[in-house]
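**Student:** Let me give you the structure first, and then I'll get to my questions.
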Amino acid sequence: DSGVTQTPKHLITATGQRVTLRCSPRSGDLSVYWYQQSLDQGLQFLIQYYNGEERAKGNILERFSAQQFPDLHSELNLSSLELGDSALYFCASSVQTSGSIDTQYFGPGTRLTVL
Amino acid sequence: AQSVTQLGSHVSVSEGALVLLRCNYSSSVPPYLFWYVQYPNQGLQLLLKYTTGATLVKGINGFEAEFKKSETSFHLTKPSAHMSDAAEHFCAVSERGYSTLTFGKGTMLLVSP
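Taken in sequence, the protein lines are chains A and B.
Going by this note's numbering, the first residue of the first sequence is number 1, and it counts up by one from there.
Going by this note's numbering, the first residue of the second sequence is number 1001, and it counts up by one from there.
Set out below in C-alpha cells:
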C-alpha cells in the first residue's frame, strides 16, 4: 500500500459525458501528478500540482483539467469524453516539487471505460 | 525531448535464471533514471533509481541496474528469477531539476517454473 488513494476504482460512462477522478496523496506529500496509461500510448504524464498550484503540464488534452485543493487532494476532470479516453488513470504523490530524486508513490489507479 | 526505449515488450525466463531487461534513454544531459514494477491490477512501485554517485544501483527484491553513460543505458538485472517477479516493468527518466517522469513502453517479465 503506497498511501495514495484514488476513487473510484472503476468508472463506466458514455461518450460526451463528464467525469471526475479523485486522488488523496500520502500524508505530508505536497506534489500530485496525474498519468494516463493506455494500450496505444503507454504511460503518459498529464499534469502536476504542488501545494495547490499547477507546476508542470504534459500531454493533457484541453478537454481535461485538474486542480489541487487546500487539503491537498486533487481531482482530474475529463469532459466531452471519447472512446479513446478509455484508460487507466494514475495519481502519484511526492514530498516536494523540485528535485527528481524524490520518489513518486503511485495510487492503484482508476479504470475509465467510455462506451 | 527525452525518450526511453525498452527493448522487448515481453521477456520470458525460467525460474532461477538470470533476468535482463533493457532500457536505453535519449537525453542531451544524463537524466535521473528509474525502474518501476506494476503487478496486475495495481499501481506502480519503485524498484530502484539512479541519481548521482555509484553507477551500480541496488533495489528491492534483489534487482539491480547499472547506469552506463557511454551506452545511454540503464539495464535491469536479477541473478535468479522468482515466480513472484512476473509483472510489467517500466523504465523511466526525469530531467535533472524536474520531477515529471517519462516512461518507456514497458516490458512484461514472464517467469516459468
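All C-beta atoms, glycine included, are put in the ideal place defined by N, C-alpha and C.
Since we're looking at a predicted model, the values are computed, not measured.
Give me whichever residues DSSP pairs with A:G42 in a beta bridge.
**Tutor:** Within the first sequence, the letter at position 42 stands for residue 42 of chain A. Answer is A:S38.
**Student:** Going by DSSP, what residues sit across from B:Q1045 in a beta bridge?
**Tutor:** Start at 1 with the first residue of the second sequence, and residue 1045 of chain B comes out as number 45. The partner list for B:Q1045 (beta bridge, DSSP) reads B:V1037.
**Student:** Going by beta-carbon coordinates alone, are B:Y1036 and B:V1093 separated by less than 9 Å?
**Tutor:** For the purposes of this step, residue 1036 of chain B is taken as residue 36 along the second sequence, with counting starting at 1. For the purposes of this step, residue 1093 of chain B is taken as residue 93 along the second sequence, with counting starting at 1. Not closer than 9 Å, so no.
**Student:** Looking at the secondary structure, which residues open and close the beta strand (DSSP E) in which B:M1108 lies?
**Tutor:** For this step, residue 1108 of chain B is matched to residue 108 along the second sequence. Run containing B:M1108: T1107 to S1112, per the beta strand (DSSP E) assignment.
**Student:** Residues of chain B with CB under 8 Å from A:I101, in chain order?
**Tutor:** Stepping through the first sequence from its first residue, residue 101 of chain A is reached at position 101. The contacting residues are Y1032, K1049 and T1051.
**Student:** By alpha-carbon positions, which one of A:F69, A:L39, A:W34 and A:D1 ends up nearest to A:S86?
**Tutor:** Taking the first sequence and counting its residues from 1, one reaches residue 86 of chain A at position 86. Residue A:L39 is the option with its Cα nearest to A:S86.
**Student:** Kindly list, in the order they appear in chain B, the residues whose Cβ is closer than 9 Å to that of A:A87.
**Tutor:** On the first sequence, position 87 is the one that residue 87 of chain A refers to. Those do not exist, as A:A87 stays about 14 Å from chain B at its closest Cβ, beyond 9 Å.
**Student:** By Cβ distance, which residues of its chain are closer than 6 Å to A:N51, with the 5 residues on each side in sequence left out?
**Tutor:** Locating residue 51 of chain A in the first sequence gives position 51, counting from the first residue. Taken in chain order, the residues that qualify are L30.
**Student:** Just the C-alpha distance for A:K57 and B:T1051, rounded to the nearest angstrom, thanks.
**Tutor:** To locate residue 57 of chain A, count along the first sequence from 1; it is residue 57. To locate residue 1051 of chain B, count along the second sequence from 1; it is residue 51. For A:K57 and B:T1051, the distance between alpha carbons rounds to 23 Å.
**Student:** Compare the C-beta of A:L43 with all C-beta atoms of chain B and state if any pair is closer than 9 Å.
**Tutor:** Walking along the first sequence from the start, residue 43 of chain A turns up at place 43. Yes, contact with chain B.
**Student:** With three or more beta-carbon pairs closer than 8 Å as the criterion, would you say the segment 9-24 of chain A touches the segment 63-81 of chain A?
**Tutor:** These segments touch.
**Student:** For the segment 1009-1019 of chain B and the segment 1039-1058 of chain B, state whether three or more C-beta atom pairs, one from each stretch, are separated by less than 8 Å.
**Tutor:** Contact between the segment 1009-1019 of chain B and the segment 1039-1058 of chain B is absent, because fewer than three Cβ pairs lie under 8 Å.
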